[in-house]
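Novice: Going by our numbering, the first residue of the sequence shown is number 175, and it counts up by one from there.
Got a structure for you, questions after.
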Amino acid sequence: MSYFANKTVYVTGAASGIGFETAKQLMTQGANLVLFDVQPLDEALATLQAMNKSNTSITTYQLDVTDAAETTKQMATAADILSPDILMHFVGITGPWTFDDMSQEQFERVMNINLFGTRNVLAAVRPFLSRGDQVMVTASMSSFTGSYGYSSYSASKFAIWGMMQSINYEWKPLGIDITVFAPPPIDTPLTRSEVGVMSQAGVGMKKLAGELKIENAVKSMLKGVENRKFLVVPGVMANFIRLQQRIFPVSWVNWVGSKTVAFSLRK
């Protein structure tokens, strides 16, 4: 029997991308799904219902994670019907602009959705978590290293990494396990939307970590949740970069990044 069979999993950002792929893989493993997204979930729900061979539960809620009051209300409404065994939080946006080209409003929007949205979801679901339950939050390789044209995105993901390390210290003694999913670029509608917007130097730095297929990235994440790992970094190149960051001095890591940017800008 699958680890996720008969477990109730809350999935935010479930209408598309990594959240939707996660919902599909969980459906094949017999999980009860409670799905949240600011975007309509009708198409995702229809696809999942067609896949539902185990007659498990699927419910959907519209949710804007930047609205703390709405997030609290929607999580409480969902928990009145099915309380969560696992929360998987995927809501996030990118921000492929250089600092000089980015407005204050653009910077704040990335932070509001990625960082404060994560805080709002965790605060809203916390009353319904008990010993043995789990939380998975999506960070990024940008949680550990900056990248050309990603000052807002990296700022939000660095903050999420620090927040989740702190929450892990607070919740682990209570029996609530945290998993932080920190992938390199994944082929999703979000990353495809960057084409034509991202600078050549930004493209060059992203290529260092490689791009993963969404199915493989989600499989790695689910395995990490099953094993209650704190950090999941999928992909050979991403793990190699992470290893370099832990072994080599910051000056060397910055030198590699600077050389990559210089080479990309010459193209």
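Backbone N, C-alpha and C fix where the C-beta goes; we use that ideal spot for every residue, glycine too.
Within the chosen definition, does the stretch 226-235 reach the stretch 275-285 through at least 3 CB pairs nearer than 8 Å?
Specialist: The stretch 226-235, when compared against the stretch 275-285, does not touch it at the 8 Å Cβ threshold.
Novice: Threshold first: 4 residues or longer. Then list the alpha helix (DSSP H) segments lying entirely within the stretch 246-305, N to C.
Specialist: Segments of the alpha helix (DSSP H) lying fully in the stretch 246-305: 278-285, 291-299.
Novice: So, using beta-carbon positions, are T357 and L386 closer together than 8 Å?
Specialist: The residue you call residue 357 lines up with position 183 of the sequence shown. The residue you call residue 386 lines up with position 212 of the sequence shown. Here residue 357 turns out to be Pro, not Thr, going by the sequence shown. Yes, the pair counts as a contact, with Cβ atoms nearer than the cut-off.
Novice: For a test of the three-state rule: what should DSSP assign to Q203, helix, strand or coil?
Specialist: Translated into the one-based positions of the sequence shown, residue 203 becomes position 29. Q203: coil per DSSP, three-state reduction.
Novice: Output the residue ranges of the beta strand (DSSP E) runs that lie fully inside the stretch 337-362 and measure 3 residues or longer, sorted by chain position.
Specialist: Complete beta strand (DSSP E) runs here, min 3: 351-355.
Novice: Leaving out five residues on either side along the sequence, give the residues of the same chain with a beta carbon under 7 Å from the beta carbon of W345.
Specialist: Locating residue 345 in the sequence shown gives position 171, counting from the first residue. I352.
Novice: Quick one: is G210 buried, meaning 16 or more other Cβ sit within 10 Å of its Cβ, or exposed?
Specialist: For the purposes of this step, residue 210 is taken as the residue at position 36 of the sequence shown. A quick correction: the sequence has Phe, not Gly, at residue 210. Counting Cβ neighbours within 10 Å, F210 comes out buried, since at least 16 surround it.
Novice: Give a yes or no on contact between the stretch 416-423 and the stretch 387-394, applying the rule of three or more CB pairs nearer than 8 Å.
Specialist: Too few Cβ pairs lie closer than 8 Å, so no.
Novice: Can you tell me the Cβ-Cβ gap for T268 and I334, rounded? I've got them flagged as a contact below 8 Å.
Specialist: Residue 268 sits at position 94 when you count from the first residue of the sequence shown. Residue 334 sits at position 160 when you count from the first residue of the sequence shown. About 14 Å separates the two Cβ atoms, so there is no contact after all.
Novice: Between the Cα of M337 and the Cα atoms of V239, D238, V354, which residue gives the shortest distance?
Specialist: On the sequence shown, position 163 is the one that residue 337 refers to. Comparing Cα positions, the closest option is V354.
Novice: Does the distance from the CB of V142 to the CB of V265 come in under 8 Å?
Specialist: A query on residue 142 cannot be resolved here, the shown segment of the chain reaching from 175 to 441 and no further.
Novice: With DSSP as the reference, label M395 as helix, strand or coil.
Specialist: In the sequence shown, residue 395 corresponds to position 221, counting from 1. Three-state DSSP puts M395 in a helix.
Novice: Within a Cβ cutoff of 6 Å, which residues of the same chain sit near Q236, ignoring the five residues on either side of it in sequence?
Specialist: Here residue 236 is taken as the residue at index 62 of the sequence shown, counted from 1. So the list is empty, once near-sequence residues are dropped.
Novice: In whole angstroms, give me the CA-to-CA distance for Y327 and S316.
Specialist: Translated into positions along the sequence shown, residue 327 becomes position 153. Translated into positions along the sequence shown, residue 316 becomes position 142. Distance between the alpha carbons of Y327 and S316 is about 7 Å.
Novice: Beta-carbon within less than 7 Å of N413's beta-carbon, same chain only, minus the 5 sequence neighbours each way: which residues are those?
Specialist: Here residue 413 is taken as the residue at index 239 of the sequence shown, counted from 1. Closer than 7 Å at the Cβ level, and outside the excluded window around N413, lie V407.
Novice: Please report the Cβ distance between D259 and V183, rounded to the nearest whole angstrom; I am assuming they are in contact, meaning their Cβ atoms lie under 8 Å.
Specialist: Along the sequence shown, read from residue 1 onward, the residue named residue 259 stands at position 85. Along the sequence shown, read from residue 1 onward, the residue named residue 183 stands at position 9. Sure, about 7 Å apart at Cβ, within 8 Å.
Novice: Classify F318: buried if its beta carbon has 16 or more other beta carbons within 10 angstroms, exposed otherwise.
Specialist: Along the sequence shown, read from residue 1 onward, the residue named residue 318 stands at position 144. When all chains shown are included, F318 counts as buried.
Novice: Of the residues A313, V208, Q199, which one's Cα is nearest the Cα of A329?
Specialist: As a working mapping, residue 329 is identified with position 155 in the sequence shown. Nearest of A313, V208, Q199 to A329, Cα basis: A313.
Novice: Excluding the 5 residues preceding and the 5 following A205 in the sequence, name in chain order all residues of the same chain whose CB lies nearer than 6 Å to its CB.
Specialist: Locating residue 205 in the sequence shown gives position 31, counting from the first residue. Once the five neighbours on either side are set aside, the close Cβ partners of A205 are F178, K181, V183.
Novice: Taking Q223 as part of the beta strand (DSSP E), name the residues at either end of that continuous run.
Specialist: Here residue 223 refers to the residue found at position 49 of the sequence shown. Run containing Q223: none in the beta strand (DSSP E); it sits in the alpha helix (DSSP H), 216-225.
Novice: Just the Cα atoms here: how many angstroms apart are T233 and S304?
Specialist: Counting from 1 along the sequence shown, the entry for residue 233 is found at position 59. Counting from 1 along the sequence shown, the entry for residue 304 is found at position 130. So the alpha carbons of these two residues sit roughly 21 Å apart.
Novice: Do you know offhand how far F194's Cα is from K247's?
Specialist: Here residue 194 is taken as the residue at index 20 of the sequence shown, counted from 1. Here residue 247 is taken as the residue at index 73 of the sequence shown, counted from 1. Between F194 and K247, the C-alpha separation is close to 23 Å.
Novice: Just reading off the alpha helix (DSSP H) that M411 is part of, what are its end residues?
Specialist: Indexing the sequence shown from 1 puts residue 411 at position 237. M411 -> alpha helix (DSSP H) spans 410-421.
Novice: If contacts are defined as beta-carbon pairs under 8 Å, then P214 and A189 qualify, I think. What distance do you get, rounded to the angstrom?
Specialist: Counted from its first residue, the sequence shown places residue 214 at position 40. Counted from its first residue, the sequence shown places residue 189 at position 15. Contact holds; Cβ gap of about 7 Å.
Novice: Round the Cβ separation of Y324 and P270 to the nearest angstrom and send it over; I've been treating them as touching at under 8 Å.
Specialist: Within the sequence shown, residue 324 is the residue found at index 150, counting from 1. Within the sequence shown, residue 270 is the residue found at index 96, counting from 1. Yes, they are in contact, since the Cβ atoms of Y324 and P270 sit about 7 Å apart, within 8 Å.
Novice: Which two residues bound the contiguous beta strand (DSSP E) that contains V309?
Specialist: Along the sequence shown, one-based indexing puts residue 309 at 135. From DSSP, the beta strand (DSSP E) with V309 extends over 308-312.
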